[in-house]
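Residue numbers (this note's numbering): 1 to 229. All C-beta atoms, glycine included, are put in the ideal place defined by N, C-alpha and C. This structure is a prediction, so every number in the text was calculated from the model and none was measured. Notes follow the structure.
Shown next, in the form of structure tokens:
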């Protein structure tokens, strides 16, 4: 049974979608706002998401970006916004398809089936917590906590931490990190990594001079070890 997460604040539309999905054998979940959507996506791991852009708390774009931080689950936008700019913005943010309201239920269900046929790549965890429970990296909300206290990271620091959290225990080469964070034209600026890793360690490690989580492997690259080494 495939699980479908319906993110819709209009109670009538949500009810119609849930009834039709369940009648066709889907396990249908409902989130009336973006905060609940991110929570359900992280803990229920739906096979596909139907997402409205106009939500009461955060925008649908924020939801897309939060989910895309850790998952490639198909996201189908179901929105009353018909202008091309909104469609392009949603697709660029990571949506897979776009259906405008009012919609034909048969067409929406056909697009949903097509998304399921394409399959969903293996998902990472929505958050990573070190074995000692001290450090938590939440990829969905883009937040980092040390011993329960939120830690402020710069945008570049977060991009590096995100790369590590999505690849725990895996050796990441310097070139790979530079390409992922700064772009494909970067490859030799290893001093960038030294500077930012030093800042990250000072904020997140027990002892920044003796890292346990963000470890340097001389001549090869860096490794994030949530096990603590």
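Continuous alpha helix (DSSP H) stretch holding residue i: start and end
i, result
"residue 162", "155-165"
"residue 246", "No answer is possible for residue 246: it lies beyond the span of the chain, which begins at 1 and ends at 229."
"residue 39", "34-44"
Residue burial classification, residue i (beta-carbon count within 10 angstroms, cutoff 16)
i, result
"residue 219", "exposed"
"residue 97", "buried"
"residue 86", "buried"
"residue 174", "buried"
"residue 121", "Only weak support exists for where residue 121 lies, its pLDDT of 49 falling under 50; the value from the coordinates is given anyway. By the 10 Å Cβ count, residue 121 comes out exposed."
"residue 149", "exposed"
"residue 69", "buried"
"residue 147", "exposed"
"residue 6", "buried"
"residue 43", "exposed"
"residue 76", "buried"
"residue 106", "exposed"
"residue 88", "exposed"
"residue 211", "buried"
"residue 31", "buried"
Collapsed DSSP secondary structure at residue i in the structure displayed
i, result
"residue 121", "Any reading at residue 121 is ruled out, since the residue's pLDDT is 49, under 50, leaving its predicted position unreliable."
"residue 61", "helix"
"residue 143", "strand"
"residue 181", "helix"
"residue 198", "helix"
"residue 190", "helix"
"residue 97", "strand"
"residue 110", "helix"
"residue 84", "helix"
"residue 104", "coil"
"residue 51", "strand"
"residue 136", "strand"
"residue 269", "It is not possible to answer for residue 269, since the shown part of the chain is limited to 1 through 229."
"residue 5", "strand"
"residue 204", "helix"
"residue 218", "coil"
CB contact below 8 angstroms: residue i versus chain B
i, result
"residue 107", "In the structure shown, chain B does not exist; there is a single protein chain."
Start-to-end residues for the beta strand (DSSP E) that takes in residue i
i, result
"residue 171", "171-173"
"residue 28", "27-31"
"residue 213", "It is not in any beta strand (DSSP E) - residue 213 carries neither H nor E in the DSSP assignment."
Rounded Cβ spacing between residue i and residue j (contact assumed at less than 8 angstroms)
i, j, result
"residue 226", "residue 128", "6 angstroms"
"residue 116", "residue 78", "So it is not a contact: roughly 16 angstroms between Cβ atoms."
"residue 9", "residue 39", "Not really, about 15 angstroms apart at Cβ, beyond 8 angstroms."
"residue 99", "residue 108", "6 angstroms"
Query raised in the report: Counting Cβ pairs, one atom from each stretch, are 3 or more of them under 8 angstroms apart for the segment 154-164 and the segment 179-186?
Result: yes
**Report entry** At least 3 beta-carbon pairs within less than 8 angstroms: the segment 52-65 vs the segment 22-42
**Finding:** Yes, since at least three Cβ pairs between the segment 52-65 and the segment 22-42 fall closer than 8 angstroms, the two stretches touch.
Query raised in the report: Is it a yes or a no for the segment 139-153 touching the segment 198-207, going by three-plus beta-carbon pairs under 8 angstroms?
Result: yes
Query raised in the report: If you pair each beta-carbon of the segment 128-137 with each one of the segment 97-112, do three or more pairs fall below 8 angstroms?
Result: no
**Report entry** Inter-stretch contact (C-beta, 8 angstroms, three-pair minimum) for the segment 182-191 and the segment 208-226
**Finding:** In the pairwise beta carbon analysis, the segment 182-191 is classified as not touching the segment 208-226: fewer than three pairs are separated by under 8 angstroms.
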